[in-house]
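*Asks:*
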Amino acid sequence: MGSLQPAGPTRPGDVIDAHCHLFSVRLIEEYIEAHPQGAPRFRQALKERKFGRRGETLPDMPADEMASWYTERIHDAGLAKALIVSVIPNSAYMREFITAAAGHVHALCNVDPRDPGAADLLEREMAAGFKGVKLLPVNRCYRLSDPACRPFFEKAAELGAPMIVHYGVTVDPGGDMRYADPIDLSPVARDFPEITFVIAHFGAGYLDQLLKVAYQCPNVAVDSSGTNNWMDFMAYPLTLGQVFERVMSALGPERVLFGTDSGSTAAYRSWMKYQQVATLDEIGVGRADRDLVLRGNAVRIFGLDG
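All residue numbers for the sequence shown refer to the working numbering, where the first residue is -11 and numbers rise by one.
1) Answer yes or no: do Leu96 and Ile152 have a C-beta to C-beta separation smaller than 8 Å?
2) Do you know offhand how far Val231's Cα is from Phe190's?
3) So, helix, strand or coil for Phe180, using DSSP?
4) State the Cα-Cα distance for the pair Ala188 and Arg243, rounded to the nearest angstrom.
5) Mapping the DSSP letters down to three states, classify Cys8 as helix, strand or coil.
6) Work out the CA separation of Phe85 and Ala297 for me, nearest whole Å.
7) Suppose you measure from the CA of Val159 to the CA of Met260; what does that come to, to the nearest Å?
8) Quick one: using the 10 Å Cβ neighbour count with 16 as the cut-off for buried, is Glu354 buried or exposed?
9) Going residue by residue through the segment 202 to 290, where are the continuous beta strand (DSSP E) segments of at least 3 residues, counting only ones entirely within it?
10) Should Ser12 be labelled buried (16 or more other beta-carbon atoms within 10 Å of its own) or exposed?
11) If you follow the beta strand (DSSP E) that Asn127 is in, where does it begin and where does it stop?
12) Quick check on His94: does DSSP put it in helix, strand or coil?
13) Would you check if the distance between the CB atom of Ile76 and the CB atom of Tyr19 is smaller than 8 Å?
14) Do you know how far the Cα of Lys200 is from the Cα of Pro206?
15) Look at the alpha carbon of Pro125 and the alpha carbon of Gly163, and state the distance between them as a whole number of angstroms.
16) Is Phe118 helix, strand or coil by DSSP?
17) Mind pulling the beta strand (DSSP E) runs of 3 or more residues that sit fully within the segment 37 to 103?
18) Measuring CA to CA, which of Ile4, Asp179, Gly156 is closest to Ala65?
19) What whole-angstrom Cβ distance do Asp100 and Ala107 have, given they're in contact under 8 Å?
20) Taking C-beta to C-beta, are Ala192 and Gly156 nearer than 8 Å?
21) With distance defined between alpha-carbon atoms, name the residue in Leu132, Pro139, Cys137 nearest to Pro170.
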């Protein structure tokens, strides 16, 4: 695999996956080196060279090779570009990866907004080429409304850093549902209208709460990523078509983004891309609005063509 030529701008009809992941042996090694007393889940993964509930093999490549491999993978799946949501903070590997990916694959950095150094880290990460931030309150057990997070959001507003936030159910064994409710985002999104907050996975079981926050705050959007099997645990029946119809009607097509939550330890979730595109067609989404969901909103919010 050679070095990649810079990616050009996307065009209407292209598809961007705005919620992907990357895990690799070297990325996890880097994290464990920085956190020698923690991360038992990552330690086990490194020992077995496998990750996830299905025990899939971790790829083991330097960052530049990984960038070429990942780019070939998404292009083979019919994607123009992809956006990786990092779960490991302050990663030299990810910085090298996004440089080598040459605009074909972008990434959001991971920051703990409570950390006193969070604002400075965010500024460095944005300067290094990250397109925003992934926040994991339910996984890392914090509230974005915590006053300790305020300096981080002030810096994010200054930098124009958009965010994807995971609320709702999670497969992370360390997750805590006390931190799962998107209602907690309300005062933050209200006070920082300069920041776009994309709530992942249709709120992952908190669709009602997501819609209420989005009603109050026009800077709140949603992505469609994942299997969306949270629908199986709702108190009332739902179909994917009904979920798309609800968010498209309530938020408008300019606040809905396509994603699959695909990782790097298994094949790209092409079936999920097919399912969601077919669902948009089935519910009668027109060509212009379909392009917003599948491409345009990700380009605009995260600056993926710039």
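Glycine included, every Cβ here is placed at the ideal spot set by N, Cα and C.
A quick note: this is a predicted structure, and the numbers were derived from the prediction, not measured.
*Replies:* Checking against the coordinates, here is how it stands:
1) By one-based count along the sequence shown, residue 96 stands at place 108. By one-based count along the sequence shown, residue 152 stands at place 164. Against a cut-off of 8 Å, the Cβ pair of Ile152 and Leu96 comes out as a contact.
2) As a working note, residue 231 is residue 243 in the sequence shown. As a working note, residue 190 is residue 202 in the sequence shown. Roughly 8 Å separates the two Cα atoms.
3) Stepping through the sequence shown from its first residue, residue 180 is reached at position 192. Correct three-state label for Phe180: coil.
4) On the sequence shown, position 200 is the one that residue 188 refers to. On the sequence shown, position 255 is the one that residue 243 refers to. Answer to the nearest angstrom: the Cα atoms are 12 Å apart.
5) To locate residue 8, count along the sequence shown from 1; it is residue 20. Note: Cys8 maps to strand in three-state DSSP.
6) No answer is possible for residue 297: it lies beyond the span of the chain, which begins at -11 and ends at 294.
7) The residue labelled residue 159 in the question sits at position 171 within the sequence shown. The residue labelled residue 260 in the question sits at position 272 within the sequence shown. Their backbone Cα atoms lie some 19 Å apart in a straight line.
8) Nothing about residue 354 can be reported from this structure: the residues present for the chain run from -11 to 294 only.
9) 208 to 211
10) Within the sequence shown, residue 12 is the residue found at index 24, counting from 1. It is buried - the Cβ of Ser12 has at least 16 other Cβ atoms within 10 Å.
11) Position 139 of the sequence shown holds residue 127. That residue, Asn127, is in no beta strand (DSSP E); its alpha helix (DSSP H) goes 125 to 128.
12) Counted from its first residue, the sequence shown places residue 94 at position 106. It is a strand residue.
13) As a working mapping, residue 76 is identified with position 88 in the sequence shown. As a working mapping, residue 19 is identified with position 31 in the sequence shown. Contact: yes.
14) Within the sequence shown, numbered from 1, the residue matching residue 206 stands at position 218. Within the sequence shown, numbered from 1, the residue matching residue 200 stands at position 212. C-alpha separation (whole angstroms): 11 Å.
15) In the sequence shown, counting from the first residue as 1, residue 125 sits at position 137. In the sequence shown, counting from the first residue as 1, residue 163 sits at position 175. Spanning the two alpha carbons is a distance of roughly 9 Å.
16) The residue you call residue 118 lines up with position 130 of the sequence shown. Phe118: coil per DSSP, three-state reduction.
17) 69 to 73, 93 to 98
18) For this step, residue 65 is matched to residue 77 along the sequence shown. Here the closest residue by C-alpha is Ile4.
19) Translated into the one-based positions of the sequence shown, residue 100 becomes position 112. Translated into the one-based positions of the sequence shown, residue 107 becomes position 119. Asp100 to Ala107, Cβ: 12 Å. No contact.
20) As a first step, residue 192 must be located in the sequence shown, where it is residue number 204. As a first step, residue 156 must be located in the sequence shown, where it is residue number 168. For Ala192 and Gly156, yes; Cβs fall inside 8 Å.
21) Counting from one through the sequence shown, the residue named residue 170 turns up at place 182. Considering only alpha carbons, the answer is Leu132.
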